[in-house]
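What follows is one structure encoded as structure tokens, with my remarks underneath.
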Amino acid sequence: MNPAEGRCRDLPAWLLLGLALAVASQRLVATGWTEDLGITFLLVLAGLGLGLALGVSRFRGGLVFLLTLLYGLVLVPFLAAGLLYPAVPWLERMASMGGRIAHSLAVIAAGVPLEDAFLFLAFFAVTFWSLGAASGFALARHGRFGGAILPGGIALVLLQIFDARGDQSVFFMALFLFLALLLMGRLHYARRQETWHTWRLFAAGEARANINLTTLAIAFLLVLTAWLMPVSSRPVPVLRQWWQDISDLWEDNDSLDNVIAGLDTEPAEPVNEFYGRNLALGTEAFLSNAVYFRIQTTGVGGQERYYWRVRSYDVYENGEWGTGTVLERNFGPRDRSLQLPERLGLSAEFTFKVIDTTAGVLVTPARPTWVSRPVRLTYLPAGEESLEPLLFRPSEAIQPGEEYIVHAVLLEPTVKDLRLSGTEYPAWVSERYLQLPADLPPAIAELALEITGEAETPYDKAAAVTSYLRREIDYATSVPPAPAGRDTLAWFLFDYKQGFCNYYATAEVLMLRAAGVPARLVVGFAEGEYESPGWYTVRQRDAHAWPEVYFPGIGWVEFEPTTSEAELIRPSGEQALPGDGETTPLTPQLEVTPDLPVEAEGTPAPAGAGVESNTGGNSLVMLLVFFAVFILVGSALAWAYISGTMERAAGRLRQVFHAPLPILARDWLALNALPVPAWLERQAWHAGLSQVGRSFMTVYRLLRRLKFPATAALTPAEAAAALSACLPQGVQETAALLQEYQSAVYFTRQPDLERARHAARSLRRMLRAVKRSRPA
Numbered sequence: 011m012n013p014a015e016g017r018c019r020d021l022p023a024w025l026l027l028g029l030a031l032a033v034a035s036q037r038l039v040a041t042g043w044t045e046d047l048g049i050t051f052l053l054v055l056a057g058l059g060l061g062l063a064l065g066v067s068r069f070r071g072g073l074v075f076l077l078t079l080l081y082g083l084v085l086v087p088f089l090a091a092g093l094l095y096p097a098v099p100w101l102e103r104m105a106s107m108g109g110r111i112a113h114s115l116a117v118i119a120a121g122v123p124l125e126d127a128f129l130f131l132a133f134f135a136v137t138f139w140s141l142g143a144a145s146g147f148a149l150a151r152h153g154r155f156g157g158a159i160l161p162g163g164i165a166l167v168l169l170q171i172f173d174a175r176g177d178q179s180v181f182f183m184a185l186f187l188f189l190a191l192l193l194m195g196r197l198h199y200a201r202r203q204e205t206w207h208t209w210r211l212f213a214a215g216e217a218r219a220n221i222n223l224t225t226l227a228i229a230f231l232l233v234l235t236a237w238l239m240p241v242s243s244r245p246v247p248v249l250r251q252w253w254q255d256i257s258d259l260w261e262d263n264d265s266l267d268n269v270i271a272g273l274d275t276e277p278a279e280p281v282n283e284f285y286g287r288n289l290a291l292g293t294e295a296f297l298s299n300a301v302y303f304r305i306q307t308t309g310v311g312g313q314e315r316y317y318w319r320v321r322s323y324d325v326y327e328n329g330e331w332g333t334g335t336v337l338e339r340n341f342g343p344r345d346r347s348l349q350l351p352e353r354l355g356l357s358a359e360f361t362f363k364v365i366d367t368t369a370g371v372l373v374t375p376a377r378p379t380w381v382s383r384p385v386r387l388t389y390l391p392a393g394e395e396s397l398e399p400l401l402f403r404p405s406e407a408i409q410p411g412e413e414y415i416v417h418a419v420l421l422e423p424t425v426k427d428l429r430l431s432g433t434e435y436p437a438w439v440s441e442r443y444l445q446l447p448a449d450l451p452p453a454i455a456e457l458a459l460e461i462t463g464e465a466e467t468p469y470d471k472a473a474a475v476t477s478y479l480r481r482e483i484d485y486a487t488s489v490p491p492a493p494a495g496r497d498t499l500a501w502f503l504f505d506y507k508q509g510f511c512n513y514y515a516t517a518e519v520l521m522l523r524a525a526g527v528p529a530r531l532v533v534g535f536a537e538g539e540y541e542s543p544g545w546y547t548v549r550q551r552d553a554h555a556w557p558e559v560y561f562p563g564i565g566w567v568e569f570e571p572t573t574s575e576a577e578l579i580r581p582s583g584e585q586a587l588p589g590d591g592e593t594t595p596l597t598p599q600l601e602v603t604p605d606l607p608v609e610a611e612g613t614p615a616p617a618g619a620g621v622e623s624n625t626g627g628n629s630l631v632m633l634l635v636f637f638a639v640f641i642l643v644g645s646a647l648a649w650a651y652i653s654g655t656m657e658r659a660a661g662r663l664r665q666v667f668h669a670p671l672p673i674l675a676r677d678w679l680a681l682n683a684l685p686v687p688a689w690l691e692r693q694a695w696h697a698g699l700s701q702v703g704r705s706f707m708t709v710y711r712l713l714r715r716l717k718f719p720a721t722a723a724l725t726p727a728e729a730a731a732a733l734s735a736c737l738p739q740g741v742q743e744t745a746a747l748l749q750e751y752q753s754a755v756y757f758t759r760q761p762d763l764e765r766a767r768h769a770a771r772s773l774r775r776m777l778r779a780v781k782r783s784r785p786a
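Residue numbers for the sequence shown follow the numbering used here, so the first one is 11 and each next one is one higher.
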């Protein structure tokens, strides 16, 4: 404690306040209201560090507030983004956080329940940052116990009141009270110690140990007494009525219920994986205008149409699609791009912004090679170094308002390219994508051979099947169950002849396989509504299933048999026609597409899948680690108190860092016989001046600006006389500045620092006015 300046530089007091604020933040974590509350632990300590630094500085109140605000605007998003999105590029981190906050505000404004708790997480982060900064400043600047401990104490009491499990967390209150009492005793001891130093009385090490032990014992006994004291469980009637009046302000309030809908230990809305491990043909396509994604394409063209894929299926049995044996691995933004089997075409970047859903899988363009989120990648090996990506499951679900980036290879082959690709299929393709169910009705295979009988190439076969389905089958949003004893697909093709995309795509894949052409069924979303420049809005009604056909040397190519979608027309490649290869955005299709997933895949990614971003959480392990660290730190502090080591270390630190940094650097160089740069010598000399001396240096600086040879040989009186001669309108100010400087250097009278500063400012303004009045 420094009574002259009112500053508190007592390191033990700082540590005790830090521990108390850490307990308050852990009380918030223990509520389990939402995930990632653990970021408040780091933010409250960061705010405390800033508050302590500003408290011991010379900055005044207005500037302190401005600096705290500016540091908060930078550090809070920076630290929060680093903890919540550790493996995501920085620009995407900021865009994701801003998007989630904007989406939450829009939901609140619409008057519907807010399921995403990110807005509350941001509120808690800012609140605990502010608590730390305010407490640290109050302690370091004024040494005030109330100003230092009350912010954290109030937060702790409010958490205890509003947490439904508050009775189970009284330990936090007891621990906070214990640390608060220790802080009170430490501040009192620091003040008394300064008084003893003034009286030239020095306490021996044994006396300090006795004082510290007494403080610990009293604090422990007070907390224990409060804990064990019998208290009536019946509330005081006045207090009970007061609390009821306050509670009535938010009870039965629909608006507040909507705002706090996301605060729960369990997610209120399940994560949407869009399509499950298996896909049945279904009986109805869902109709919904809910916006799932907004997708931006960055400077790419040449695509006839985009398809936004989720996953693919290769096995059809018992009337539903599934996936055979696959491999999994971790994949993240720091990994190099995926090596696809055929990597023809240009790489492009796509930005996906999630809107009205929580995405448990990544939606991507065809042929993705890189994603900006850590994921668990499901894939097939496709050669020695290449692989075929099938599904990207992020380590953390993508919340509404968040963004992620995908790099993909664009490919728009011509009809000529597809016809010339041949039939030399890789083993991984022919062994997997020619499978037919054992109970496939012979009539379907016969129909496939009839349709493709005159086709010479796999492309011609795929085009023939596509044309047949578009010509013979009508689109319908619902399909009744097949009659008993009839195969569903055969009944669809030969009798009912109506259906939606699941039926169209399944029929084409199986007929092509029966004709010897490798094909698979892919699910995801159709292109959606095009919005210039380069944005697509994808709704739930755009959910879609389509067939893909494999062409050697080219890869998987989409075909479109479903009549609710416009026909895919590719450039012929025979001659360069105007418009070939240009992007042809489609108008929105009012008809809906497919049946959404019947069930989500129930196997979560194993531990260690990708980089986890859970920095908080109400986990027993985290609490045990925290209290283990707390016990170790507390034991070390107790030993330091008793032995006097802490007091000696704090005294040495005050002695070492009492001098400004330039002086410390100059003295260190001189002590080690190293040359001291001239600029450092000037900085050290200037840093060693008193505040009045720094104001008087204005005289020398103004003389140099007036082209007067102001050297170090001039005494202060000579420099003041020279400035009065050169700037006669500033004679009084120069005399006042000289008088205060001489009082500080040669006399015992306390100089008037404000008068000296005012005189220096007036002289600078006079010189600027003189220079402006001179002709150019």
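We put the beta carbon where it would ideally sit given N, CA and C, even for glycine.
Determine whether the beta carbon atoms of residue i and residue j lie at a separation below 9 Å.
i           : j           : result
residue 790 : residue 200 : This structure cannot speak to residue 790, because the chain is shown only from 11 to 786.
residue 298 : residue 549 : yes
residue 90  : residue 107 : yes
residue 346 : residue 534 : no
residue 582 : residue 471 : no
residue 197 : residue 155 : yes
residue 461 : residue 478 : yes
residue 291 : residue 502 : yes
residue 141 : residue 129 : no
residue 375 : residue 420 : yes
residue 356 : residue 323 : no
residue 329 : residue 498 : yes
residue 364 : residue 412 : yes
Taking the continuous alpha helix (DSSP H) assigned at residue i, which residues delimit it?
i           : result
residue 415 : Careful: residue 415 lies outside any alpha helix (DSSP H), inside the beta strand (DSSP E) at 413-420.
residue 98  : Run containing residue 98: none; DSSP gives neither H nor E here.
residue 26  : 21-41
residue 363 : Taken as a continuous stretch (DSSP letters only), residue 363 belongs to no alpha helix (DSSP H), being part of the beta strand (DSSP E) at 356-364.
residue 487 : Taken as a continuous stretch (DSSP letters only), residue 487 belongs to no alpha helix (DSSP H), as it is neither H nor E.
residue 672 : 671-681
Where do the ends of the beta strand (DSSP E) carrying residue i lie?
i           : result
residue 388 : 385-391
residue 482 : Looking at the DSSP string, residue 482 is not in any beta strand (DSSP E); the run it does join, the alpha helix (DSSP H), is 468-482.
residue 348 : No beta strand (DSSP E) contains residue 348, which DSSP labels as neither H nor E.
residue 557 : 553-561
residue 534 : 529-535
Just to confirm my understanding: we take residue i, look at its own chain, exclude 5 residues before and 5 after, and list those with CB closer than 8 Å. What are they?
i           : result
residue 792 : Since the displayed the chain opens at 11 and closes at 786, residue 792 lies outside it and no answer follows.
residue 631 : Because the pLDDT at residue 631 is just 49, under 50, the model does not fix this residue reliably, and the value given afterwards should be weighed accordingly. Within the same chain, residue 631 has no close Cβ partners at all.
residue 744 : 709, 730, 733, 734, 737, 769, 773
residue 393 : 351, 436, 438
Given residue i, which residues of its chain have a CB within under 7 Å of its CB, disregarding the five upstream and five downstream residues?
i           : result
residue 344 : 97
residue 50  : 35, 38, 134, 135, 138
residue 169 : 37, 38, 41
residue 8   : Lying before the first or after the last residue shown, residue 8 is absent from the chain, which here runs from 11 to 786.
residue 450 : 520
residue 300 : 366, 549, 550
residue 507 : 482, 483, 484
residue 779 : none
residue 177 : Reliability fails at residue 177, whose pLDDT of 47 lies under 50, so the model's placement of it is uncertain and the value that follows must be treated cautiously. Closer than 7 Å at Cβ, skipping near neighbours: no residue.
Thinking just about the alpha-carbon of each residue, which of the options is nearest to the one in residue i?
i           : options            : result
residue 336 : 545, 386, 164      : 386
residue 71  : 82, 144, 694, 776  : 144
residue 60  : 43, 463, 26, 151   : 151
residue 149 : 451, 726, 158      : 158
residue 539 : 711, 552, 418      : 552
residue 377 : 105, 422, 678, 407 : 422
residue 700 : 57, 742, 760       : 760
residue 565 : 74, 528, 541       : 528
residue 523 : 66, 445, 703       : 445
So, under 8 Å CB-CB, residue i and residue j are touching, yes? Tell me the CB distance rounded to an integer number of Å.
i           : j           : result
residue 305 : residue 361 : 7 Å
residue 401 : residue 390 : Not really, about 11 Å apart at Cβ, beyond 8 Å.
residue 516 : residue 326 : 7 Å
Take residue i and list the residues in its own chain whose beta-carbon comes closer than 6 Å to its own, dropping the five residues that flank it on each side.
i           : result
residue 572 : 511, 514
residue 388 : 336, 338, 400, 401
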